[in-house]
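Peer 1:
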Amino acid sequence: MPRSVRIKDHWGEQRLFIGRTIFAGIAAVVLLLVVMGRLFWLQVVRHDYFTDLSQGNRVRLEPLPPDRGLIYDKNGVVIAENTPAFQLELTPEQVTNVGDTLRRLAAIGLVESGQVPALERLIRAARKFEAVPLRLSLSDADIATFAVRQFEFPGVEIQTRLARWYPYGDIAAHALGYVAAISEDDLKHINADEYAGSSVIGKLGLENTYEEQLHGTAGFRQVLVNAQGRHVDRLGSAPVKLDTRQPRAGNDIFLGLDIKVQRVAEESLAGHRGALIAIDPTTGDVVALASVPSFDPNKFTRGISTPEYASLRDDLDRPLFNRALRGAYPPGSTVKPMMALAGLEYNAIDPRATRFCRGYFTLPGSSRHYRDWKKEGHGNVDMRRAIATSCDVYFYGLADVLGIERVHEAMSALGFGKPTGIDIVGERPGLMPSEEWKRQTYKQAWYPGETVIVGIGQGYMLATPLQLAHAVAVVAARGHGFRPRLVTAVRDAMTREVKTLPPIAEPPIALTDPGNWQVIIEGMEMVTEAGGTASAVQRGASYKIAAKTGTAQVFSLGQNEKYNASAVDERLRDHALFIAFAPAEAPKLAIAVLVENGGHGGSVAAPMARRVFDAFLLGKYDAAPVPPPPKGAPPEPQVN
Amino acid sequence: MLYDDGENSTARRTLTASSRLLRRLHLDGPLLAALAAVVAFGLFVLFSATGENMPMWTNQIERLALAIVALVLLAQVPPAWLKRVSPILYAAGVLLLLAVMVHGDVGKGAQRWLVLGPLRFQPSELMKLGVPMMCAWYLHDRPLPPSLRDVTVVLGIIAVPALIIAKQPDLGTALLIASAGILVVFLAGLSTVVIVLGLTLLGGAVPVAWHFMHDYQRQRVLMFLDPSQDPLGAGYHSIQSQIAIGSGGLFGKGWMNGSQAQLEFLPERSTDFIFAVIGEELGLLGQLLLIGLYLTVIGRALYMASEAQDTYARLVCGSFALTFFVYVFVNTGMVSGILPVVGVPLPFISYGGTAMVTLGLALGMLMSIAKSKRLVQS
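Chain order of the listed sequences is A and B.
Using our numbering, the first residue of the first sequence is number 1289, and each one after it goes up by one.
Using our numbering, the first residue of the second sequence is number 63, and each one after it goes up by one.
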């Protein structure tokens, strides 16, 4: 292969080199001019735009959550407060892969794996720069677990926050309700600005009803942050002026509820399923509102785990069910004094007139027997005696004479069949039947036999324990009723001024003869006297109790069957009821007790009411049992 | 008059003395002065860009001192000797690169460090000098413009280390080394036809390359074209750096008062992105001043290269001068968002040692070669 031989031309090479150098030099200048042009574009033409961006980069609004208002009982004891708790938080904008982060947190046990999808949705719905609580309460072990692995979780932090704390645990839980993590649903209803930085919201009970008062208003502060979102206090060497608006704490609320009485009420119901409501008849203030079994609301505020919640939800005794407000039961014989009042008011009966009770009642032209609880009958009874001995036959006849429309009218006036209007949500209206109601519901006519059994609080009639307590309070106040309420005063968080809320008087029940109140109250007093169905409850008491027992059928007996408690499944046994007020002459407390499948009102429910009376009237809070019956006393009557 | 005269002559005497000293040390006064200005500017900015970090600052001064020592020492080395060691240096560099490949230290996810006793260094830095020197050595006694065969050989000389380094992976350094070598060929007079042909081929290769790229690589390219696609991910550097520069305006927010830099929104604020700190705190004027200083350095170096008489000297000096320009252009282009983000420091200003020492060596060599030629000539 021939190779052309070239001779090195030094002068030519140098000229070539200089040419290339000049070209390169010009190219360098041109390219750097391009850079300078770009700089001019950024710094002069678009200067304002980038200034805005850099401003947004460094100043951030940080919400300051308000302190939730406290809840005090009647005596100023704090029953819902705020204590510091460690919570795990995630700031969405600092986390690149939320799903992955949550799954890794679940893998080390800091988040429940079952909650990951829900948390992911919650994080997506939240604002990008605001921390979302993943778990409300961390144990020391959790904190240690997280501390050693924190570097694996950028954007996830442990924060100290004030968390709701109910020092009395499950006591009064059904009145207080609880707060819990804000859910997706809640986010749709609330103003995100007011809740900025808040991690919980009232879900039930007072916490829910008084959410607006208790929550307060969020504040904010502008903070200087660096690229990691960490706070810094100065920019280079220059301090920066930043705005702050302090949060407005929630208002404190004061209850008429007495936590000591409440505890006695719940202790006396312990082991049963039931409710006890105690109301001050002079104001409508609820002194105790117990629904047993109860639950520990602290579990919710600190983030209840799925299995914990499932065990509460699936418990056969339904601890989450507020029996006091939402349980509708046949009121049984407790309605008898009120039926008697209706009879007097409509002039359907003379209180002194006696009826003969032979153990059953029949409607004219019918062979059906409406049995009395006492098979052999009560003999001749007048109105007071009929109340005292709870004679069914007397009230079957009375109801029949009155007719369902007048019964409906009279009982409605005492608050049956409609919510009492207590200041917590979820109350059920119960049921006070009428011809109209039956026509609408069943498209059927009303039968006289249905009126007869309403006369002893059975049949279609249903009432909540709260309605019973309210009705007995109205009777105790002789018609001057008040709407039941828990909250009696509110303290403004800023001014510390306590605003007392006046009792809400209901339209008084004006009887044509006010003396009629006296008749039924005397009947109720006789209930606790010798021969009455609850004579034991009065034993050893220094004050007079006016009362009425009740036993409500859960399950209907056939015409000729006899009820045999031991043979019937526990859950089909009768409900025990008891209503009472004391002192009878100047009532200070009205009580309704319901014990599901408890059996007899006089023997099961009445002693519970007695303990609450002793606590409230005498300050006897210890569990002093009702003294046993003296030797030789007749056995407690089996009362309907 | 006499008094004044006396003072003037004192000053003149001092000047003459110092220029004599510079000459004796084979140093170029104007180039050194421009460099000193860049270094002073850099130290001023770095104090703020490190967040007033004194240890980092003194560390940088130590490295600068080391770079200056390297520069002065290299300036004393006879150019003939440099020419002679070129192939040895290149061969040693390639061997070391291979050694790194086999058992090098992994730092920041890339394998580029070699540990020799107490020393930890990157052979790829060595190749920044070795490759242009080798190219120039190969071409210096061949007739120029180079024949196609010579060009092919030189491209091979460039490709071997460049490919090894690209595999480390350190694409930035590989590109710098390749460009240093290619600049030698360009200065040697590579035919315009070949240049145009090469550029056309490169352009034609883009769609083909796109077809063979991994998804993440395509993602990177797209990110460069539109950084707002992923503001917290790959586009973050570019966006934050443009915010820093743009919010600086004509005069800047003031030294140590750049919020982007001080609050660390700007990543790599003291290293690759320090030019954005200058833009934010000292404004357009600060940046133009620095670019002006750099242009002085580049211009003076190119002038010195063109004055050299020997082909080897010309090619090496010209390549070093233009490599210096490539550093400046790629860095400022990347920081201002007209070039993709590649790890190229701003010469003599970015925090960090190796690149600075390498540059010191290069400029030392440049002075040695250019000055000694002139001495021979005179």
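Backbone N, C-alpha and C fix where the C-beta goes; we use that ideal spot for every residue, glycine too.
Write down every uninterrupted run of the alpha helix (DSSP H) in the region 1594 to 1621 of chain A whose length is 4 residues or greater and which is fully enclosed by it, in chain order.
Peer 2: Listed in chain order, the complete alpha helix (DSSP H) runs (minimum 4 residues) inside the region 1594 to 1621 of chain A are 1594 to 1602 and 1611 to 1614.
Peer 1: Taking just the CA atoms, how far does residue 140 of chain B sit from residue 90 of chain B?
Peer 2: The straight-line gap from Cα to Cα measures roughly 16 Å.
Peer 1: Taking residue 2015 of chain A as the reference, which of A:1841, A:1691 and A:1627 has the closest Cα?
Peer 2: No statement about residue 2015 of chain A is possible, as the shown extent of chain A runs from 1289 to 1928 and does not include it.
Peer 1: Using a cut-off of 7 Å between C-beta atoms, extract the partners of residue 312 of chain B located in chain A.
Peer 2: Residues of chain A passing the Cβ test: 1331 and 1332.
Peer 1: Please report how far the alpha carbon of residue 1610 of chain A lies from the alpha carbon of residue 1496 of chain A, in whole angstroms.
Peer 2: Rounded to whole angstroms, residue 1610 of chain A to residue 1496 of chain A spans 14 Å at the Cα level.
Peer 1: In chain A, which residues lie less than 8 Å from residue 358 of chain B when you measure between Cβ atoms?
Peer 2: Neighbours of residue 358 of chain B on chain A: none; closest Cβ ~12 Å, over 8 Å.
Peer 1: Identify whether residue 382 of chain B lies in helix, strand or coil by the three-state DSSP scheme.
Peer 2: In the structure shown, residue 382 of chain B sits in a helix (DSSP, three-state: H, G or I).
Peer 1: Taking CB distances under 8 Å as the criterion, tell me whether residue 421 of chain B reaches chain A.
Peer 2: So, not an interface residue.
Peer 1: What are the uninterrupted segments assigned as alpha helix (DSSP H) that are 4 or more residues long and contained completely in the region 105 to 166 of chain B, given in chain order?
Peer 2: Listed in chain order, they are 116 to 138 and 141 to 165.
Peer 1: Can the beta-carbon of residue 1842 of chain A be found less than 8 Å from the beta-carbon of residue 1864 of chain A?
Peer 2: No. Outside cutoff.
Peer 1: Going along chain B in order, which residues have a C-beta closer than 8 Å to the C-beta of residue 1314 of chain A?
Peer 2: Within chain B, no residue comes near residue 1314 of chain A; the closest Cβ sits about 11 Å away, beyond 8 Å.
Peer 1: Quick one, which residues of the region 187 to 214 of chain B are near chain A if we go by CB-CB under 7 Å, in chain order?
Peer 2: Against chain A - using a Cβ distance shorter than 7 Å - the residues of the region 187 to 214 of chain B are 205, 206 and 207.
Peer 1: Could you tell me which chain B residues have their CB closer than 9 Å to the CB of residue 1309 of chain A, listed as they occur along the chain?
Peer 2: Correct list: 249, 364, 365, 367, 368, 376, 380, 383 and 384.
Peer 1: Out of A:1558, A:1350, A:1693 and A:1359, which one is the CA nearest neighbour of residue 1886 of chain A?
Peer 2: Among A:1558, A:1350, A:1693 and A:1359, the Cα nearest to that of residue 1886 of chain A is on A:1558.
Peer 1: When you check each C-beta in the region 1343 to 1363 of chain A against every C-beta of chain E, which residues fall closer than 7 Å?
Peer 2: Any reference to chain E falls outside this structure, whose protein chains are A and B.
Peer 1: Would you identify the three-state DSSP class for residue 1428 of chain A, choosing helix, strand or coil?
Peer 2: DSSP places residue 1428 of chain A in helix when its eight states are reduced to three.
Peer 1: Can residue 411 of chain B and residue 100 of chain B be called in contact, C-beta distance under 8 Å?
Peer 2: The answer is yes: Cβ separation under 8 Å.
Peer 1: By the 10 Å Cβ neighbour count, where 16 or more other Cβ atoms means buried, how is residue 1846 of chain A classified, buried or exposed?
Peer 2: Confidence is the limiting factor: at residue 1846 of chain A the pLDDT is only 48, short of 50, which leaves the residue's position unreliable, though a coordinate-based value still follows. The residue is exposed, with fewer than 16 neighbouring Cβ atoms inside 10 Å.
Peer 1: For residue 1339 of chain A, would you say it is in contact with chain B, using Cβ-to-Cβ distances shorter than 8 Å as the test?
Peer 2: True, the Cβ-Cβ gap to chain B drops below 8 Å.
Peer 1: Could you say if the region 1552 to 1568 of chain A and the region 1897 to 1906 of chain A meet the contact criterion of at least three C-beta pairs nearer than 8 Å?
Peer 2: Enough Cβ pairs lie closer than 8 Å, so yes.
Peer 1: Quick one: complete alpha helix (DSSP H) runs, 4+ long, within the region 1726 to 1811 of chain A?
Peer 2: DSSP runs (the alpha helix (DSSP H)) wholly in the region 1726 to 1811 of chain A: 1736 to 1742 and 1753 to 1764.
Peer 1: List the residues of chain B whose Cβ lies closer than 7 Å to the Cβ of residue 1583 of chain A, in chain order.
Peer 2: Correct list: empty, because the minimum Cβ distance to chain B is about 43 Å.
Peer 1: Pick helix, strand or coil for residue 1449 of chain A, following the three-state DSSP scheme.
Peer 2: DSSP places residue 1449 of chain A in strand when its eight states are reduced to three.
Peer 1: Among A:1794, A:1837 and A:1736, which one has its Cα closest to the Cα of residue 1679 of chain A?
Peer 2: Of A:1794, A:1837 and A:1736, the residue nearest in Cα terms is A:1837.
Peer 1: Does the count of Cβ pairs from the region 1500 to 1509 of chain A and the region 1353 to 1364 of chain A closer than 8 Å reach three?
Peer 2: The answer is yes - the region 1353 to 1364 of chain A touches the region 1500 to 1509 of chain A, with three or more Cβ pairs under 8 Å.
Peer 1: Taking the straight line between their C-alpha atoms, what separation do you get for residue 151 of chain B and residue 345 of chain B?
Peer 2: About 43 Å.
Peer 1: Counting only beta-carbon separations shorter than 8 Å, does residue 344 of chain B have a partner in chain A?
Peer 2: No, no contact with chain A.
Peer 1: Identify the continuous alpha helix (DSSP H) that holds residue 188 of chain B and give its terminal residues.
Peer 2: Element bounds for residue 188 of chain B: 185 to 202.
Peer 1: Give the single residue among A:1723, A:1503 and A:1339 whose Cα lies nearest to the Cα of residue 303 of chain B.
Peer 2: Selected option, being the one with the closest Cα: A:1339.
Peer 1: Just confirm the distance between the C-beta atoms of residue 1869 of chain A and residue 1760 of chain A, as a whole number of angstroms; I'd bet it's less than 8 Å.
Peer 2: Confirmed, about 6 Å.
Peer 1: Check this for me: beta carbons of residue 406 of chain B and residue 418 of chain B, under 8 Å apart or not?
Peer 2: Against a cut-off of 8 Å, the Cβ pair of residue 418 of chain B and residue 406 of chain B comes out as no contact.
Peer 1: Closer than 8 Å, Cβ to Cβ, to anything on chain A: give me those residues from the region 383 to 405 of chain B, in chain order.
Peer 2: Within the region 383 to 405 of chain B, the qualifying residues are 384, 387, 390, 391, 394, 395, 398, 399 and 400.
Peer 1: Taking residue 1433 of chain A as the reference, which of A:1398, A:1502 and A:1893 has the closest Cα?
Peer 2: The shortest C-alpha separation from residue 1433 of chain A is found at A:1398.
Peer 1: If we call anything under 8 Å between Cβ atoms a contact, is residue 1309 of chain A one with residue 367 of chain B?
Peer 2: Taking 8 Å as the Cβ cut-off, residue 1309 of chain A and residue 367 of chain B qualify as a contacting pair.
Peer 1: Is residue 1828 of chain A buried or exposed, if buried means 16 or more other CB atoms sit within 10 Å of its CB?
Peer 2: Classification of residue 1828 of chain A: exposed, given that the 10 Å Cβ count is below 16.
Peer 1: Short of 7 Å in beta carbon distance, which residues of its chain neighbour residue 196 of chain B, apart from the five on each side in sequence? Order them along the chain.
Peer 2: So the qualifying residues of the chain are 148, 149, 152 and 219.
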